[in-house]
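Here is the structure we will look at, set down as structure tokens.
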Amino acid sequence: MKPLELLQAAQRARKNAYTPYSNFRVGAALLTKDGRVFLGANVENSSLGATICAERSALVSAVSSGARSFEAIAVAGAPGGKEAAAPCPPCGICLQFMSEFCGPEFPVYLADGQGGARKYMLKELFPHAFLNTNMQK
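The sequence shown runs 1 to 137 under the UniProt record's numbering.
Spelled out as structure tokens, the structure:
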């Protein structure tokens, strides 16, 4: 799957976001190494700390379905029904969550606000992840 196709899937997923408090809709599309695509959308809660981000939603769906090897993720986010005017990077919690399952060279595609995708590697967005190696004695 090409990056723009993955990004289009993320943009479609945005439509399923539940955002009655912020009206900021985010969609994510996660591509597995075996070619499956898992979608995620942010789901808010009146206790905003309980909000689930689109990226984690997609990852949890994939892992719950048995997937463990991932090729790339695409993310699109913007207020309401608007198109993204600029890249919407994953939050720190989502980047840490990705680091659990994806290596530093994992591609993260962000909607660039001009109909294209901007590519980042996970290590660029989150250079100092806390990994299982940090827990070793």
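Where is the CB? At the ideal position from N, CA and C, for every residue including glycine.
Whole-angstrom distance between residue j and residue i, CA atom to CA atom
{"i": "F38", "j": "A76", "result": "14 Å"}
{"i": "M135", "j": "K82", "result": "42 Å"}
{"i": "H128", "j": "E55", "result": "19 Å"}
{"i": "I73", "j": "R14", "result": "14 Å"}
6 Å CB neighbourhood of residue i in its chain, flanking five on each side removed
{"i": "E71", "result": "L31, K33"}
{"i": "K123", "result": "P104"}
{"i": "M1", "result": "L31"}
Neighbourhood of residue i by C-beta distance below 7 Å, restricted to the same chain and skipping five residues each side
{"i": "C102", "result": "F70, L122"}
{"i": "R36", "result": "A67"}
{"i": "Y18", "result": "V43, E44"}
With 16 other Cβ atoms within 10 Å as the buried cut-off, status of residue i
{"i": "Y109", "result": "buried"}
{"i": "L7", "result": "buried"}
Reduced DSSP category for residue i - H, G, I as helix; E, B as strand; rest coil
{"i": "T19", "result": "coil"}
{"i": "P104", "result": "coil"}
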